[in-house]
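J.: Before anything else, here's the structure in question.
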Amino acid sequence: MRIPLDYYRILGLPLAASEEQLRQAYSDRRQQLPRREYSQVAINSRKQLIEEAYVVLSDPKERRAYDQLYLAHAYGSERENNPTVAVENRAADSDSIESQGLSIEINPDELAGALLILQELGEYELVLKLGHPYLTNNNSTGVQAGKTLETSDFSDIDPQRADVVLTVALACLELGREEWQQGHYENAAASLETGDQLLAHFGLFPKVQAEIQADLYRLRPYRILELLALPLEKTAERKQGLQLLQDILGDRGGIDGTGNDHSGLNIDDFLRFIQQLRNHLTVAEQHQLFEAESRRPSAVAIYLAVYALIARGFTQRQPALIQQAKQMLIRLGKRQDVHLEQSLCALMLGQTEEATRALELSQEYEALAFIREHSQNSPDLLPGLCLYGEHWLQNDVFPNFRDLVKQQASLKDYFADRRVQTYLEQLPTQPETNYEGSITNQPSHSPTQINPKSYRSNPNVVYGQFPNIRTHSSSSSPTSPTHSPTEGTGLDMPVTPVSGVECVSRSNNYYMNGSARSGVPSQAQTPRRRKSSPSAYSRGHNREQQVAAATRRRRSASRGGNSKMRLLWVLGTTLASLLVLWLAISTTVKFVHNALRPAPTLQDPQLSIQINEPPLTIPGRNSKPQFPTGNLTEATAQEVIQTWLATKSAALGPNHEIDSLENILIGSALTQWRLIAQQDKADNRYRKYEHSLKIESLEIAPTDQEHAAVQASVTEATNFYENGLLNQQKSSKETVRVRYNLVRKPDGWRIREISVLNKES
Numbered sequence: 001m002r003i004p005l006d007y008y009r010i011l012g013l014p015l016a017a018s019e020e021q022l023r024q025a026y027s028d029r030r031q032q033l034p035r036r037e038y039s040q041v042a043i044n045s046r047k048q049l050i051e052e053a054y055v056v057l058s059d060p061k062e063r064r065a066y067d068q069l070y071l072a073h074a075y076g077s078e079r080e081n082n083p084t085v086a087v088e089n090r091a092a093d094s095d096s097i098e099s100q101g102l103s104i105e106i107n108p109d110e111l112a113g114a115l116l117i118l119q120e121l122g123e124y125e126l127v128l129k130l131g132h133p134y135l136t137n138n139n140s141t142g143v144q145a146g147k148t149l150e151t152s153d154f155s156d157i158d159p160q161r162a163d164v165v166l167t168v169a170l171a172c173l174e175l176g177r178e179e180w181q182q183g184h185y186e187n188a189a190a191s192l193e194t195g196d197q198l199l200a201h202f203g204l205f206p207k208v209q210a211e212i213q214a215d216l217y218r219l220r221p222y223r224i225l226e227l228l229a230l231p232l233e234k235t236a237e238r239k240q241g242l243q244l245l246q247d248i249l250g251d252r253g254g255i256d257g258t259g260n261d262h263s264g265l266n267i268d269d270f271l272r273f274i275q276q277l278r279n280h281l282t283v284a285e286q287h288q289l290f291e292a293e294s295r296r297p298s299a300v301a302i303y304l305a306v307y308a309l310i311a312r313g314f315t316q317r318q319p320a321l322i323q324q325a326k327q328m329l330i331r332l333g334k335r336q337d338v339h340l341e342q343s344l345c346a347l348m349l350g351q352t353e354e355a356t357r358a359l360e361l362s363q364e365y366e367a368l369a370f371i372r373e374h375s376q377n378s379p380d381l382l383p384g385l386c387l388y389g390e391h392w393l394q395n396d397v398f399p400n401f402r403d404l405v406k407q408q409a410s411l412k413d414y415f416a417d418r419r420v421q422t423y424l425e426q427l428p429t430q431p432e433t434n435y436e437g438s439i440t441n442q443p444s445h446s447p448t449q450i451n452p453k454s455y456r457s458n459p460n461v462v463y464g465q466f467p468n469i470r471t472h473s474s475s476s477s478p479t480s481p482t483h484s485p486t487e488g489t490g491l492d493m494p495v496t497p498v499s500g501v502e503c504v505s506r507s508n509n510y511y512m513n514g515s516a517r518s519g520v521p522s523q524a525q526t527p528r529r530r531k532s533s534p535s536a537y538s539r540g541h542n543r544e545q546q547v548a549a550a551t552r553r554r555r556s557a558s559r560g561g562n563s564k565m566r567l568l569w570v571l572g573t574t575l576a577s578l579l580v581l582w583l584a585i586s587t588t589v590k591f592v593h594n595a596l597r598p599a600p601t602l603q604d605p606q607l608s609i610q611i612n613e614p615p616l617t618i619p620g621r622n623s624k625p626q627f628p629t630g631n632l633t634e635a636t637a638q639e640v641i642q643t644w645l646a647t648k649s650a651a652l653g654p655n656h657e658i659d660s661l662e663n664i665l666i667g668s669a670l671t672q673w674r675l676i677a678q679q680d681k682a683d684n685r686y687r688k689y690e691h692s693l694k695i696e697s698l699e700i701a702p703t704d705q706e707h708a709a710v711q712a713s714v715t716e717a718t719n720f721y722e723n724g725l726l727n728q729q730k731s732s733k734e735t736v737r738v739r740y741n742l743v744r745k746p747d748g749w750r751i752r753e754i755s756v757l758n759k760e761s
């Protein structure tokens with residue numbers, strides 16, 4: 001049989017190689033040994049072909065004759081008419097193998113060695129074409145990467161069979177890796193699966209099979225992204241991608257599980273992978289996926305399921321899904337601040353008082369500032385909350401679903417829908433939610449009553465923000481709601497906190513002081529980043545309804561005023577009497593004590609100083625630094641930011657003082673910078689900084705003295721060290737404008753969020 005090889009390729013030499021190069025190449029090829037799994041039969045066959053090539057090329061006469069054949073084939077001259085040409089092109093015969101380049105004649109027992117040499121030369125497809133017919137005993141059957149191996153029984157024991165199986169399997173492995181590098185993930189999987197099936201069929205080389213399976217496991221995330229990114233019409237392929245995703249989640253034990261799926265992704269990498277994956281899933285697919293995952297339980301899955309429920313409930317006009325999201329947020333609220341989401345859910349259910357109460361508990365400073373700014377001429381925060389809700393849906397929710405990217409968010413259209421109105425009017429008075437985690441039962445009221453207890457669930461108050469909407473009369477008998485509310489998700493188990501929840505649930509990208517940027521190992525980002533400056537928007541208000549509602553609240557408050565005043569008067573009188581009695585007793589005791597035992601008098605003022613104690617308290621080496629307390633001024637803001645820059649230099653410096661970050665950062669800022677510092681320490685790198693700072697502005701809302709925003713210009717010079725050596729390419733000096741969101745704690749001000757506005761130079 002003929003094999004598409006030539007003597008120069010066997011030795012790895014060019015045509016113009018000298019005799020010395022020929023001898024050196026022959027020596028090198030003899031010393032090179034294939035993988036240890038090969039038998040001595042294959043090794044001897046390979047050695048024999050190498051020696052044959054050396055014998056021909058080392059003889060000057062035979063080499064000249066071979067070179068003429070080589071050049072004749074290369075330039076196509078006299079190929080058809082020269083009877084001495086030993087190289088043939090047999091493309092006309094469909095049952096023969098098309099030779100590519102020169103070919104040589106080999107004995108059947110030299111096939112293993114020839115395939116081994118082709119494998120070493122990277123001719124993987126040729127190995128498959130030659131090896132598969134041999135294994136199937138059918139010379140008319142070829143194989144392409146990705147096709148299932150045909151089964152056949154062998155009556156005779158062939159000493160070459162195991163070596164041929166090994167060579168074909170290794171060709172599948174290498175071909176799969178080449179496809180992987182080129183970004184053709186499904187083709188790569190097909191090649192790897194062919195090799196895996198081949199080894200499984202013959203029951204040979206379990207270590208090589210394990211190597212192929214390891215590549216298949218690592219390839220799964222890439223395949224999932226490729227399959228789910230296909231058009232929605234490719235239902236079979238996308239279904240396969242979803243099944244692969246379910247397999248990975250099962251192996252890991254959930255989105256934030258600690259199981260081993262053999263993909264090489266840690267928890268944070270997998271969270272970023274899930275975030276990247278969301279952009280390829282529809283709202284219905286995410287609803288089904290994350291609702292099922294939330295029952296493990298998983299805090300991340302609960303949060304993502306809430307987004308899917310809200311998006312689907314709003315766009316498909318199914319407020320029952322929003323009610324379900326609201327119930328899931330109660331579970332999630334025990335672990336993190338989700339009051340803003342709870343407020344928006346209550347708003348979309350027409351529960352305005354509950355929406356306001358949840359909003360007051362939120363720590364989202366920028367969102368609250370925006371809502372208050374757009375509610376200045378209103379007796380409550382409802383106008384600003386409606387406006388913020390629309391922009392939140394448009395910019396933070398819809399972009400995470402491939403079928404909602406171009407969806408427009410309009411609360412006016414939502415509340416104008418007859419299905420929504422019917423559901424909200426039939427929505428019973430729910431138990432009043434205590435956002436600390438308990439539920440207080442409230443008596444039910446008629447839908448027509450509007451008082452402090454039924455006001456929260458009356459959709460007409462929200463309709464008042466959109467005067468053009470026609471609402472049903474409360475006294476009418478509307479038809480049954482199209483969708484009935486569900487009873488929640490049945491999450492009775494406690495939510496397990498995970499380190500990556502804040503990474504998935506808050507910001508997509510972070511870029512802190514120009515020295516760190518969010519990386520994408522498997523390229524993942526996160527669901528929501530709240531915007532604080534949406535475009536200008538105008539909406540009419542129904543002033544008569546707002547004034548009437550405010551009047552009703554004042555009347556309700558006045559009815560209980562008398563009884564409260566009487567109770568306060570009794571308590572005040574009792575406390576005053578006890579205070580007078582205590583003062584009288586203490587004065588009498590002190591007078592008697594001074595009369596019986598007068599204190600000695602000193603001639604001059606004396607200092608209380610002892611040689612074993614310092615006159616002032618000296619903080620310990622490990623004590624936490626003292627931060628400015630009280631109201632924030634530009635001077636104290638300067639001190640807080642300077643403390644952060646010094647802490648950053650220590651945490652990312654050569655000593656990696658990561659724990660010091662807890663003294664100045666909280667929330668998402670602490671989580672992000674701790675990850676950066678830990679990664680630098682793990683990679684044996686550190687940074688040295690030089691900072692200069694200028695405070696540009698300080699923003700404190702008059703009604704909220706617990707939060708502040710500081711805008712500063714920071715010049716940062718960074719020297720980047722890797723393995724103890726300075727990396728000039730990664731070192732930099734730049735000036736950036738940074739916004740710091742601060743929150744007051746009992747022991748001082750802390751930085752909750754850091755965002756870079758723009759580079760100045």
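Position 317 of the sequence shown, counting from 1, maps to 317 under UniProt numbering, and the rest follow consecutively.
Cβ atoms here follow ideal geometry from the backbone N, Cα and C, with glycine treated the same way.
#1: I'd like to know whether the C-beta atoms of TYR365 and HIS691 end up nearer to each other than 9 Å.
#2: Opposite GLN711 in the DSSP bridges: which residues?
#3: Just curious, the alpha helix (DSSP H) that VAL165 is in, first and last residue?
#4: Using the three-state DSSP reduction, which class does PHE205 fall into: helix, strand or coil?
#5: Going along the chain, which residues of its own chain have a beta-carbon closer than 6 Å to the beta-carbon of ARG317, five neighbours each way excluded?
#6: Skipping 5 residues on each side, what residues in its chain have a beta carbon closer than 6 Å to that of PHE202?
#7: From GLU639 to THR647, what distance separates their C-alpha atoms?
#8: Which residues mark the beginning and the end of the alpha helix (DSSP H) in which ALA651 is found?
#9: Mark ARG46 as exposed unless 16 or more other C-beta atoms lie within 10 angstroms of its C-beta, in which case mark it buried.
#10: Leaving out five residues before and five after ARG177 in sequence, what residues of the same chain have Cβ atoms less than 8 Å from its Cβ?
#11: Do ALA677 and LEU652 count as a contact pair if the criterion is CB distance below 9 Å?
#12: For the alpha helix (DSSP H) holding ILE666, just list the boundary residues, first then last.
#13: Just checking, does the region 397 to 404 make contact with the region 737 to 747 on the three C-beta pairs under 8 Å criterion?
#14: Using only the alpha-carbon positions, how far apart do LEU381 and PRO654 sit?
#15: Can you tell me which of the three DSSP states GLN426 falls into?
#16: Name, in chain order, the residues that DSSP records as bridge partners for LEU725.
#17: To the nearest angstrom, report how far apart TRP673 and GLU37 are at their CA atoms.
#18: Just list the beta strand (DSSP E) runs in the region 320 to 402, keeping only unbroken ones of 3 residues or longer that don't cross its boundaries, in chain order.
#19: Alpha carbon to alpha carbon, what distance is there between PHE290 and ILE267?
#20: Does DSSP put LYS412 in a helix, in a strand, or in coil?
#21: Mind checking which residues open and close the alpha helix (DSSP H) that includes residue 767?
#22: Could you compute how far the alpha carbon of ARG685 sits from the alpha carbon of LEU22?
#23: Quick one: is VAL300 buried, meaning 16 or more other Cβ sit within 10 Å of its Cβ, or exposed?
#24: Check ILE302 in the structure and name its three-state DSSP category.
#25: To the nearest angstrom, how far is the alpha carbon of SER58 from that of TYR66?
#26: With respect to the alpha helix (DSSP H) encompassing residue 763, which residues constitute its N-terminal and C-terminal limits?
#27: Just to confirm my understanding: we take LYS730, look at its own chain, exclude 5 residues before and 5 after, and list those with CB closer than 7 Å. What are they?
#28: In this structure, does DSSP put ALA16 in helix, strand or coil?
#29: Rounded to the nearest angstrom, how far is the Cβ of LEU13 from that of ILE50, given a contact under 8 Å?
#30: I need the straight-line Cα distance from ARG357 to ASP196, nearest angstrom please.
#31: What separation, rounded to the nearest whole angstrom, lies between the Cα atoms of TYR740 and ALA169?
#32: With DSSP as the reference, label TYR7 as helix, strand or coil.
#33: To which residues of the same chain is ARG278 closer than 6 Å at the C-beta, ignoring the five residues directly before and after it?
#34: I need the straight-line Cα distance from TYR303 to LEU332, nearest angstrom please.
#35: Under 9 Å between the Cβ atoms of LEU225 and ARG238?
T.: Reading it off the structure:
#1: As a first step, residue 365 is located in the sequence shown; it is residue number 365 there, counting from the start. As a first step, residue 691 is located in the sequence shown; it is residue number 691 there, counting from the start. No, Cβ-Cβ distance for TYR365 and HIS691 is not below 9 Å.
#2: Within the sequence shown, residue 711 is the residue found at index 711, counting from 1. In the DSSP assignment, GLN711 is bridged to SER697, ARG739.
#3: Translated into the one-based positions of the sequence shown, residue 165 becomes position 165. Taken as a continuous stretch (DSSP letters only), the alpha helix (DSSP H) holding VAL165 covers 161 to 181.
#4: Locating residue 205 in the sequence shown gives position 205, counting from the first residue. Three-state DSSP puts PHE205 in coil, outside helix and strand.
#5: Locating residue 317 in the sequence shown gives position 317, where the first residue counts as 1. Same-chain partners within the cutoff: ASP417, ARG419, VAL420.
#6: Here residue 202 corresponds to residue number 202 of the sequence shown, with the count starting at 1. Same-chain partners within the cutoff: VAL165.
#7: Counted from its first residue, the sequence shown places residue 639 at position 639. Counted from its first residue, the sequence shown places residue 647 at position 647. GLU639 and THR647: Cα-Cα distance of roughly 12 Å.
#8: Sequence index remark: in the sequence shown, residue 651 carries index 651 (1-based). For ALA651, the enclosing alpha helix (DSSP H) has its first and last residue at 634 to 651.
#9: In the sequence shown, the residue the question calls residue 46 occupies position 46. Buried, since its Cβ has 16 or more Cβ neighbours within 10 Å.
#10: Walking along the sequence shown from the start, residue 177 turns up at place 177. If we look at ARG177 and ignore the five residues flanking it on each side, its Cβ neighbours are ALA188, ASP215.
#11: One-based indexing of the sequence shown puts residue 652 at position 652. One-based indexing of the sequence shown puts residue 677 at position 677. Cβ atoms of LEU652 and ALA677: closer than 9 Å.
#12: Stepping through the sequence shown from its first residue, residue 666 is reached at position 666. From DSSP, ILE666 is part of no alpha helix (DSSP H); its letter is neither H nor E.
#13: With a cut-off of 8 Å on Cβ pairs, the region 397 to 404 is not in contact with the region 737 to 747, counting fewer than three such pairs.
#14: If you number the sequence shown from 1, residue 381 lands on position 381. If you number the sequence shown from 1, residue 654 lands on position 654. Rounded to the nearest angstrom, the two C-alpha atoms are 49 Å apart.
#15: Your numbering for residue 426 matches position 426 in the sequence shown. In the three-state reduction of the DSSP assignment, GLN426 falls in the helix class.
#16: Position 725 of the sequence shown, counted from the start, is the residue given in the question as residue 725. The partner list for LEU725 (beta bridge, DSSP) reads GLU722.
#17: As a working mapping, residue 673 is identified with position 673 in the sequence shown. As a working mapping, residue 37 is identified with position 37 in the sequence shown. Taken atom to atom, the span from the alpha-carbon of TRP673 to that of GLU37 is near 48 Å.
#18: Those beta strand (DSSP E) runs which fall completely within the region 320 to 402 and span 3+ residues do not exist here.
#19: Translated into positions along the sequence shown, residue 267 becomes position 267. Translated into positions along the sequence shown, residue 290 becomes position 290. One C-alpha to the other measures close to 17 Å.
#20: Numbered from its first residue, the sequence shown carries residue 412 at position 412. Correct three-state label for LYS412: helix.
#21: Limits of the chain in this structure are 1 at one end and 761 at the other, which puts residue 767 out of reach.
#22: Locating residue 685 in the sequence shown gives position 685, counting from the first residue. Locating residue 22 in the sequence shown gives position 22, counting from the first residue. ARG685 and LEU22 have their C-alpha atoms spaced approximately 48 Å apart.
#23: The residue labelled residue 300 in the question sits at position 300 within the sequence shown. Counting Cβ neighbours within 10 Å, VAL300 comes out buried, since at least 16 surround it.
#24: Taking the sequence shown and counting its residues from 1, one reaches residue 302 at position 302. In the three-state reduction of the DSSP assignment, ILE302 falls in the helix class.
#25: If you number the sequence shown from 1, residue 58 lands on position 58. If you number the sequence shown from 1, residue 66 lands on position 66. Taking the straight line from one Cα to the other gives about 11 Å.
#26: The structure shown has nothing for residue 763, since the chain only spans 1 to 761.
#27: Here residue 730 is taken as the residue at index 730 of the sequence shown, counted from 1. These residues qualify, in order along the chain: PHE720.
#28: By one-based count along the sequence shown, residue 16 stands at place 16. For ALA16, the secondary structure class from DSSP, reduced to helix, strand or coil, is coil.
#29: The count along the sequence shown starts at 1 and reaches residue 13 at position 13. The count along the sequence shown starts at 1 and reaches residue 50 at position 50. Beta-carbon to beta-carbon, LEU13 and ILE50 are separated by about 12 Å, too far to satisfy the 8 Å threshold.
#30: Locating residue 357 in the sequence shown gives position 357, where the first residue counts as 1. Locating residue 196 in the sequence shown gives position 196, where the first residue counts as 1. Roughly 60 Å between the two C-alpha positions.
#31: Here residue 740 refers to the residue found at position 740 when the sequence shown is read from its first residue. Here residue 169 refers to the residue found at position 169 when the sequence shown is read from its first residue. Going from the Cα of TYR740 to the Cα of ALA169 covers about 57 Å.
#32: Start at 1 with the first residue of the sequence shown, and residue 7 comes out as number 7. Shown here, TYR7 sits in a helix according to DSSP, grouped into three states.
#33: Position 278 of the sequence shown holds residue 278. Same-chain partners within the cutoff: ASN400.
#34: As a position in the sequence shown, residue 303 is number 303, starting the count at 1. As a position in the sequence shown, residue 332 is number 332, starting the count at 1. One C-alpha to the other measures close to 7 Å.
#35: Stepping through the sequence shown from its first residue, residue 225 is reached at position 225. Stepping through the sequence shown from its first residue, residue 238 is reached at position 238. It is not a contact, given that the beta carbons lie outside the stated cut-off.
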